[in-house]
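Participant: Structure in C-alpha cells, see below.
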Amino acid sequence: MSEEKSAVFIIFGASGDLAHRKLYPALFRLYKSGYLKDHFAVIGTARRPWTDDYFRETIEESLNNEIKNINSNDISEFVKHFFYMSHDVNDAAHYIALKELAASLDDQFETNSNRVYYMAIAPRFFGTVAEHINSEGLKTEGFNRLVIEKPFGRDYASAEELNNDISQAFTEEEIYRIDHYLGKKMVQEIANIREKNTTFEKILNNKYVSNIQVTLAESLGVEERGGYYETSGVLRDMVQNHIMQIIGSLAVDHPEIKKDSEVHELKNELFASLKILTPETVDDNFIRGQYDTDEKGQMKAYRQEDNVDPNSNIDTYAAGKMEFAIDRWENVPFYVRSGKRLVDKSSRIDIVFNDKVTEFGIDANTVVTLYIEPSEGSNIQVNGKDYLEGDQNLIKFPEQADYFDNAREAYESLIIDILSGNKVNFTFWNELQSTWKYIDVIRQKWDSEEPDFPNYLSMTRGPALSDLLLAQDNNKWVW
Ligand code: BG6
578 MSEEKSAVFI IFGASGDLAH RKLYPALFRL YKSGYLKDHF AVIGTARRPW TDDYFRETIE
638 ESLNNEIKNI NSNDISEFVK HFFYMSHDVN DAAHYIALKE LAASLDDQFE TNSNRVYYMA
698 IAPRFFGTVA EHINSEGLKT EGFNRLVIEK PFGRDYASAE ELNNDISQAF TEEEIYRIDH
758 YLGKKMVQEI ANIREKNTTF EKILNNKYVS NIQVTLAESL GVEERGGYYE TSGVLRDMVQ
818 NHIMQIIGSL AVDHPEIKKD SEVHELKNEL FASLKILTPE TVDDNFIRGQ YDTDEKGQMK
878 AYRQEDNVDP NSNIDTYAAG KMEFAIDRWE NVPFYVRSGK RLVDKSSRID IVFNDKVTEF
938 GIDANTVVTL YIEPSEGSNI QVNGKDYLEG DQNLIKFPEQ ADYFDNAREA YESLIIDILS
998 GNKVNFTFWN ELQSTWKYID VIRQKWDSEE PDFPNYLSMT RGPALSDLLL AQDNNKWVW
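When the letters of the sequence shown are read in order and numbered with the working numbering, they come out as residues 578 to 1056.
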C-alpha cells in the first residue's frame, strides 16, 4: 500500500483548464492508490463566486471526462475533501480568509499543518500571490511548498524578476517549478536505463556518439490557446523548458546519483556549459517555421486561428543545433526540434552512434531511440527494432512487459514528489538562468527580422530548412 501523505492544497486558478484536465484527475488517482486518503483537503480559489457544491460538481464532471470506468461512490467520497473560496489575488483580506479556512481544514482532516500552494493561474499573478502568502502569514509550521506552472518568465530578465518576487516569500528549497516532461515515465527512467546498461553508458560520450536528436512533434495546432501562444511561440513554449530538461536527463554525468541537490548540481554544470550563440551565428544554428493550411487547404493556417494576429510572425516550429562545452560532449551536436501541426505526435530521443562502437561489437552507426510518447509506444529501439529483438548487448529495458502500462501520469508522479519533498523532477533557478540566456539570443535575433511565414504545410514534417540544418554537417534526422 502507498504511504499516505497529508496536506491542505490551496489551488490558485481552481476553475481553470489545467486544474480540471490535469490536477483533479491526478489527485483522484492518488486518492485511489492511497497516497491521499483521509488527511488531505483542497481549497480551490478563483474569482468566480462559486459554492462548494458547484465546485464539487465541476470536479465530478472533469473526473468523468478524464477517467474511464470511474466509480461514482469514489467520486462522492473524494469531492468531500474539496472546498471553494472566491478570491481576488490583490485583496489582502481574502488571504486572511483563506488562512482561516486552511487552519480549520487542518483540524478537520488532521493534515499536520502541511501546505501545498499551487499556482495554476496566469503567470502575471505568481509574484503577487507569493508575496501575499508571506505577508498575510499563511505559512505554517508544517511544510510549505510553492508549486509554479510554466511559463517561468518569457526571457531571462522577466524570469529573474519573477524569481526575486517569489524568493521573498519562499526559499529555493520550498519552490517546485513544474516542467511536466520531467514527470513522464521515460524521461524519469533515462538515468536508470543508463545506470543499468553499462555498455550503453560507456559509449554515451563524444568518442562514440555522432549526434543526438530530440524531437517533440505535435499534430495538434494551437487550438484555443492562440492568445497565449502569440506571446510565446515554440521556442519559449517547448525548447527553453521541455527540450532542455530532456537533454539534461540524458547528458549529465553520473546517472547513478539520485539525490536531488546533487542531480541539480550536475544539470546546472551542463546547462552552464551551453555554447551561447551570437546574433551572427543564430541563422546557421537555428531555423523557425509557422504552419500553413494542409495540402488540401482544409485546415486553418496559424494566422487564421482564433486570437492570432493575421500577420503574426510567431514561430510554431523551431529546429536547432546546440552544443555543450563539457568534456563528455565536446563537439557532439544536439539537434532539437519541436513543432505544431506536424504529421504525428511523437516525443523521442534518437542517439546516433558513429563507427567506433564496433569496438564493442555493436554495428556502426547504430541508432538507439528512446520513445517518450505516445505512451502506448514508450519503448526503446535499436536500429528501429524493439529492445527485445534488437541488440541486447547494448541495451536491455524494461524488465516487465507491462512496465509502461502501469506508469503514472506525469502530474500524478509530480504531486507525489511534491508531497514527499523530492525535487529531482523540478527545475532549479540556476538551470533556468542558463537556458533563458541561451534562448534570449535566438529570440532577439528572430524578433529583429521579418520571417517568410507561413513556410510549412500542416500535417507534414515541418519546413525543409530543418533538413538543411543537419545536411550542412552531413547528418540527417532519424525521424
Ligand atoms: C505544454 C505546451 O507545455 O506542452 C503545449 O504549452 C504543448 O503547447 C504541451 O502542447 C505538450 O505536452 P504533451 O505532454 O502533450 O507532449
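Every residue gets a Cβ at the ideal spot worked out from N, C-alpha and C, and that includes glycine.
1. Under DSSP, the alpha helix (DSSP H) around Val859 begins and ends at which residues?
2. Judging by CA-CA distance, which residue of Asn721, Gln822 and Phe777 is the nearest neighbour of Phe937?
3. Between His841 and the ligand BG6, is there a pair consisting of the residue's CB and a ligand heavy atom that are separated by less than 7 Å?
4. What number of angstroms, rounded off, separates the C-alpha of Ile939 from the C-alpha of Lys779?
5. In the DSSP assignment, what are the bridge partners of Asn788?
6. Please list, in chain order, all residues of the same chain as Ala697 whose beta carbon is under 8 Å from its beta carbon, the five residues on each side excluded.
7. So Tyr672 and Gly621 are in contact, right, with Cβ under 8 Å, and what is the actual spacing, rounded?
8. For the alpha helix (DSSP H) holding Ala623, just list the boundary residues, first then last.
9. Which residue's Cα is closest to the Cα of Ile853: Glu737, Thr946 and Tyr1015?
10. Counting only runs that start and end within the region 659-714, where is the beta strand (DSSP E) found for 3 or more residues in a row?
11. Taking the alpha carbon of Phe655 as the reference point, which residue from Val619, Arg865 and Ser889 has its own alpha carbon closest?
12. For Asp871, which of helix, strand or coil comes out of DSSP?
13. Spatial neighbours of Ala878 within its chain, please: CB distance less than 6 Å, with the 5 preceding and 5 following residues excluded, ordered by chain position.
14. For Leu613, which residues of its own chain have a beta-carbon under 6 Å away from its beta-carbon, when the five flanking residues on both sides are left out?
15. Spatial neighbours of Gly798 within its chain, please: CB distance less than 6 Å, with the 5 preceding and 5 following residues excluded, ordered by chain position.
16. Quick one: Cα of Lys1022 to Cα of Thr858, how far?
17. Can you tell which of Phe617, Tyr785, Phe632 and Thr1004 has the C-alpha that lies nearest to the C-alpha of Ile755?
18. Tell me, please, whether the region 706-714 touches the region 736-753 by the rule of three or more beta-carbon pairs shorter than 8 Å.
19. Would you say Asn782 and Arg905 are within 8 Å of each other, going by their C-beta atoms?
20. Is there at least one non-hydrogen atom of the ligand BG6 closer than 7 Å to the beta-carbon of Lys599?
21. CA-CA distance, Leu678 and Phe586?
22. According to DSSP, is Tyr1015 helix, strand or coil?
23. Tell whether a beta-carbon distance below 8 Å holds between Asn1051 and Tyr912.
24. Determine the closest residue to Ile891 out of Met876, Ile903 and Gln867, with distance taken between C-alpha atoms.
25. How should Gly804 be labelled, buried or exposed, when 16 other C-beta atoms within 10 angstroms of its C-beta is the threshold for buried?
26. Measuring CB to CB, does Leu827 end up less than 8 Å from Met899?
27. Since Glu718 is in the alpha helix (DSSP H), which residue starts that stretch and which ends it?
28. If I measure Cβ to Cβ from Asp861 and keep anything under 8 Å in the same chain, skipping five residues before and after, which residues do I get?
29. From what residue to what residue does the beta strand (DSSP E) around Tyr948 run?
30. Locate the beta strand (DSSP E) running through Arg754, then write down its first and last residues.
31. According to the neighbour-count rule (16 or more other Cβ atoms, all chains shown, within 10 Å of its Cβ), is Pro910 buried or exposed?
32. Does the ligand BG6 have even one heavy atom less than 7 Å from the beta-carbon of Met815?
33. Is the CB-CB distance between Ser796 and Lys922 below 8 Å?
34. Less than 7 Å between the CB of Lys727 and some heavy atom of the ligand BG6, yes or no?
35. Between Trp1013, Arg1038 and Ser1025, which has its C-alpha nearest Gly730's C-alpha?
36. Closer than 8 Å is the cut-off here; do at least three beta carbon pairs connect the region 820-836 with the region 757-769?
Facilitator: Judging by the given coordinates:
1. Val859 to Asn862
2. Phe777
3. no
4. 12 Å
5. Val929
6. Ile588, Phe589, Gly590, Ala591, Gly593, Leu595, Ala596, Leu600 and Glu726
7. Not confirmed; about 15 Å, so no contact.
8. Premise fails: Ala623 lies in the beta strand (DSSP E), Phe617 to Ala623, not in any alpha helix (DSSP H).
9. Tyr1015
10. 659-663 and 692-696
11. Val619
12. coil
13. Asp869, Thr870 and Pro1031
14. Leu607
15. Lys917 and Arg918
16. 10 Å
17. Thr1004
18. yes
19. yes
20. no
21. 12 Å
22. helix
23. no
24. Gln867
25. exposed
26. no
27. Premise fails: Glu718 is in no alpha helix (DSSP H) and is neither H nor E.
28. Gln1049
29. Val944 to Glu950
30. Ile752 to Arg754
31. buried
32. yes
33. yes
34. yes
35. Trp1013
36. yes
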